[in-house]
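K.L.:
One line per chain: the protein sequences are E and B, in this order. To convert, note that position 82 of the first sequence is 477 in my numbering; the numbers rise steadily by one, no gaps. To convert, note that position 70 of the second sequence is 71 in my numbering; the numbers rise steadily by one, no gaps.
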Amino acid sequence: GAVVSQHPSRVICKSGTSVKIECRSLDFQATTMFWYRQFPKQSLMLMATSNEGSKATYEQGVEKDKFLINHASLTLSTLTVTSAHPEDSSFYICSARIQGITGELFFGEGSRLTVL
Amino acid sequence: DAKTTQPPSMDCAEGRAANLPCNHSTISGNEYVYWYRQIHSQGPQYIIHGLKNNETNEMASLIITEDRKSSTLILPHATLRDTAVYYCIVRVAYQGAQKLVFGQGTRLTINP
Numbered sequence: 396g397a398v399v400s401q402h403p404s405r406v407i408c409k410s411g412t413s414v415k416i417e418c419r420s421l422d423f424q425a426t427t428m429f430w431y432r433q434f435p436k437q438s439l440m441l442m443a444t445s446n447e448g449s450k451a452t453y454e455q456g457v458e459k460d461k462f463l464i465n466h467a468s469l470t471l472s473t474l475t476v477t478s479a480h481p482e483d484s485s486f487y488i489c490s491a492r493i494q495g496i497t498g499e500l501f502f503g504e505g506s507r508l509t510v511l
Numbered sequence: 002d003a004k005t006t007q008p009p010s011m012d013c014a015e016g017r018a019a020n021l022p023c024n025h026s027t028i029s030g031n032e033y034v035y036w037y038r039q040i041h042s043q044g045p046q047y048i049i050h051g052l053k054n055n056e057t058n059e060m061a062s063l064i065i066t067e068d069r070k071s072s073t074l075i076l077p078h079a080t081l082r083d084t085a086v087y088y089c090i091v092r093v094a095y096q097g098a099q100k101l102v103f104g105q106g107t108r109l110t111i112n113p
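1. Quick one, which of B:Lys4, B:Met11, B:Thr5 has its alpha-carbon nearest B:Ile111's?
2. What residues from chain B crowd round E:Ser438, counting only those whose CB sits closer than 7 Å?
3. Sorted by chain position, which residues of the same chain lie with C-beta nearer than 7 Å to E:Leu485's C-beta, five sequence neighbours on each side aside?
4. Whose C-alpha, out of E:Met442, E:Ala491, E:Ala467, is nearest the C-alpha of E:Phe423?
5. Does E:Phe501 get closer than 8 Å to chain B when you measure Cβ to Cβ?
6. Within the 8 Å Cβ cut-off, does E:Thr444 reach chain B?
7. Could you tell me which chain B residues have their CB closer than 7 Å to the CB of E:Ile488, listed as they occur along the chain?
8. At a Cβ cut of 7 Å, what residues of the region 410–433 of chain E count as close to chain B, listed as they run along the chain?
9. So E:Ala467 and E:Val414 are in contact, right, with Cβ under 8 Å, and what is the actual spacing, rounded?
10. Flag this pair as yes or no: are the beta carbons of E:Ser472 and E:Ser506 separated by less than 8 Å?
11. Would you list the one or two residues that DSSP bridges to E:Arg492?
12. Measure from the C-beta of E:Leu441 to each C-beta in chain B and report whether the shortest distance is under 8 Å.
13. With a threshold of 8 Å between beta-carbons, can B:Lys100 be considered close to chain E, or not?
14. What does a CB cutoff of less than 6 Å around B:Tyr35 pick up in its chain, not counting 5 residues either side in sequence?
15. What whole-angstrom Cβ distance do B:Thr107 and B:Pro9 have, given they're in contact under 8 Å?
16. Identify the contact partners of E:Glu504 in chain B, using a Cβ-Cβ distance below 8 Å as the criterion.
17. Just verifying my parser: in three-state terms, what is the DSSP assignment at B:Pro22?
18. DSSP puts B:Asn31 in a beta bridge; with which residues?
19. Can you tell which of E:Gly448, E:Phe429, E:Leu511, E:Ile493 has its C-alpha closest to the C-alpha of B:Leu101?
20. Could you check whether E:Ile493 and E:Gly503 sit closer than 8 Å to each other, using their CB atoms as the reference points?
21. Verify the CB distance criterion: does B:Tyr87 have a CB-CB separation below 8 Å to chain E?
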């Protein structure tokens, strides 16, 4: 099946630093990718929709200047958590759909961010 | 997208069939029923989806009622590795940019 890969899988950083998480579609092109955040024992919360070659669409309540999304190619989207604080510690998950094919979304393995 | 209602948790014995219900009474005619699962600390995994007819694949079966207001995901022979949170989602397919919104799901525990 289609594969979506995230990197890094785990990252620990100091408060105030920025962290970049990559999401790659390994064997297909994805014009649209989605970024989710998940806190412990909670469901996935959609943060933004990443569109190749254009600006991301953010969900209500998600700060676009805090969570920078870049979708520069059909196989790569990045999420940068700027000036991270402990409350940004979470599990970040991306997903993508095969271009031209409808149906299921494929999800990455997730990236666990811990801000000290 | 239509709202779904799932029991928060269920238990099932290993080797038995696990039947996970989902209510989606406000589903529209063009909305599909999707099932995903999330094993602890991993990304969600697609299981199956359907519109009207029952569907079966190598992982599970999906039974949709005739009025489409509810559905049941069936794992025919549950194993310990099927312990996960299962999400039932209804949405319109065939729209590439349409987002997938997750509810709280059902935490399924398979017991030895």
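We treat Cβ as the ideally placed atom computed from N, Cα and C, and that holds for glycine.
P.N.:
The short version:
1. B:Met11
2. Phe103, Gly104, Gln105, Gly106
3. The identity of residue 485 of chain E in the sequence shown is Ser, whereas the question assumes Leu. Excluding residues within five positions, the ones whose Cβ falls inside 7 Å are Arg432, Gln433, Phe434, Leu508.
4. E:Ala491
5. yes
6. yes
7. Gly44
8. Thr426, Thr427, Phe429
9. In fact, because the Cβ distance is near 18 Å, the residues do not count as touching under 8 Å.
10. no
11. Per DSSP, none; premise fails for E:Arg492.
12. yes
13. yes
14. His50, Ile90
15. 7 Å
16. Gln43, Gly44
17. strand
18. DSSP, once it has assigned bridges, lists no residue as partnering B:Asn31.
19. E:Phe429
20. no
21. no
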